[in-house]
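The structure under discussion appears below in the form of C-alpha cells.
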Amino acid sequence: MKPVAADELARVLGPPVQHCPSCGHSLAGARGFVQEYWAGADRNFLCWCPECLFLCTVVVSPRITAHEPEH
C-alpha cells in the first residue's frame, strides 16, 4: 500500500474542526467560521463560534513532543 502525503490526506478528509471546542455547536453553515492555514508541517484552524462567541486556534501537528512527570 502506497503511503499518503499529509496534504493529500488533508484534502480528502477535510477540516478536522467541525464543532466548537468550547460548546460543541456546529461550525457548519453561513454563521460559523473555520479558516485553515499552514505553519510549517502544522495545520492551523482559526475558529469562531456564533453560538458562544468563542474564538480559538486549533493546531493539528504531525508530531508532538511532551514529557510525563515522575509518579
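Counting in my numbering, the sequence shown runs from 122 upward without gaps. A virtual CB, placed ideally from N, CA and C, is assigned to each residue, including glycine.
Spatial neighbours of serine 143 within its chain, please: CB distance less than 6 Å, with the 5 preceding and 5 following residues excluded, ordered by chain position.
Residue numbering aside, residue 143 sits at position 22 when the sequence shown is read from its first letter. Contacts found: Cys173, Phe175.
What's the gap between the Cα of alanine 149 and the Cα of histidine 192?
In the sequence shown, the residue the question calls residue 149 occupies position 28. In the sequence shown, the residue the question calls residue 192 occupies position 71. Whole-angstrom Cα-Cα distance: 43 Å.
Mind checking which residues open and close the beta strand (DSSP E) that includes glutamine 156?
Translated into the one-based positions of the sequence shown, residue 156 becomes position 35. It spans 154-160 - the beta strand (DSSP E) in which glutamine 156 sits, taken as one unbroken run.
Any idea if phenylalanine 100 is buried or exposed, counting beta-carbon neighbours within 10 angstroms, 16 or more meaning buried?
Residue 100 is absent from the structure shown; the chain starts at 122 and stops at 192.
Give the single residue among Cys141, Ala160, His188 whose Cα lies nearest to the Cα of valine 181.
Against the sequence shown, residue 181 aligns to sequence position 60. The candidate whose alpha carbon is nearest that of valine 181 is Ala160.
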